[in-house]
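K.L.:
Numbering (my numbering), first residue to last: 267 to 542.
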């Protein structure tokens, strides 16, 4: 199948102090054929522009977000409004790497009808792979090779690929939709947003058919190594991202808990195909 060059696609993230992974992130989306990588630098030290000095090009747009607390809704909407020329825009985070098993991402997106506003993509969560520290001499793909079961709690969460021209507001950073248009899965099935959102959490979608055959997923390196995980807990609490230091999330107790914890029980090397 030939690549549909007429489609323009982008990805938007808000990031702070992601020096360990931001280069891998940018290289990944450039390799996938994205036309625009929009990064809102949220007070990173050193700045993301400085970190990306050696690879920056005209496909990478770095904007400054000086708000110290949660601001993802705002930057997603701003990015949608400022990029109506894009056919599709992926709204995600710096630790979320799109994976496509077969074909090119543009050909995949070209299979969706013009009245599809959003494609919901499930997480496939990778934990620490029992790494105590991050090895900057290795890629993110080679360090973290153990994922959770497909039916794991965190793998029911989704993020959104949206058509900017059909979206006019952002109510949820996980699923961004316009109910006047169609919302679909990666299998091109219509998702009824009125019945498929679980009452457990407003960013948890019950539509999930993850398997070895799922063609498109969002690999979420949720914790990285144990040191990075503990630092993430502190950073999120300082930014008021729905987590305080009184919560157990991103502690070792949380990591090993029965309900939401990690087993590191599936060696999965699929991301190594993106190794430079």
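Beta carbons: idealized from backbone N, C-alpha and C, even for Gly.
1) Once DSSP output is grouped into helix, strand and coil, what is the label at residue 502?
2) Would you please state the rounded distance, in angstroms, between the beta carbons of residue 391 and residue 349? I believe it to be under 8 angstroms.
3) Expressed to the nearest angstrom, what Euclidean distance is found between the alpha-carbon atoms of residue 401 and residue 293?
4) Provide the residue(s) that pair with residue 443 in DSSP beta bridges, ordered along the chain.
5) Residues in the same chain with beta-carbon distance under 6 angstroms from residue 518, minus the five sequence neighbours each way, listed in chain order, please.
6) Between which residues of its own chain and residue 398 is the CB-CB distance below 7 angstroms, once the five residues before and five after are set aside?
7) What does residue 422 pair with, by DSSP beta-bridge criteria?
8) Do residue 378 and residue 357 come within 8 angstroms of each other at the CB atom, strictly closer than that value?
9) Go ahead and label residue 428 buried or exposed: buried means 16 or more other beta carbons lie within 10 angstroms of its beta carbon, across all protein chains shown.
10) Report buried or exposed for residue 542, applying the criterion of at least 16 other Cβ atoms within 10 angstroms of its Cβ.
11) Report the CB separation of residue 325 from residue 303 in whole angstroms; it is logged as a contact under 8 angstroms.
P.N.:
Taking the geometry as given:
1) Residue 502 sits at position 236 when you count from the first residue of the chain shown. Residue 502: helix per DSSP, three-state reduction.
2) As a first step, residue 391 is located in the chain shown; it is residue number 125 there, counting from the start. As a first step, residue 349 is located in the chain shown; it is residue number 83 there, counting from the start. With 8 angstroms as the limit, residue 391 and residue 349 do not qualify as a contact, their Cβ atoms being about 28 angstroms apart.
3) What you label residue 401 is simply residue 135 of the chain shown in a count that begins at 1. What you label residue 293 is simply residue 27 of the chain shown in a count that begins at 1. Cα to Cα, the separation comes out at about 18 angstroms.
4) Counting from one through the chain shown, the residue named residue 443 turns up at place 177. In the DSSP output, where bridge partners are listed per residue, residue 443 has none listed.
5) In the chain shown, the residue the question calls residue 518 occupies position 252. Once the five neighbours on either side are set aside, residue 518 has no close Cβ partner at all.
6) Numbered from its first residue, the chain shown carries residue 398 at position 132. Closer than 7 angstroms at Cβ, skipping near neighbours: 491, 492, 493.
7) In the chain shown, the residue the question calls residue 422 occupies position 156. None; residue 422 has no bridge partner.
8) As a working note, residue 357 is residue 91 in the chain shown. As a working note, residue 378 is residue 112 in the chain shown. No; because the gap between Cβ atoms is not below 8 angstroms, this pair is not in contact.
9) Against the chain shown, residue 428 aligns to sequence position 162. That one is buried.
10) Residue 542 sits at position 276 when you count from the first residue of the chain shown. Per the 10 Å Cβ criterion, exposed.
11) Reading the chain shown from its first residue, position 59 is the one you call residue 325. Reading the chain shown from its first residue, position 37 is the one you call residue 303. Sure, about 6 angstroms apart at Cβ, within 8 angstroms.
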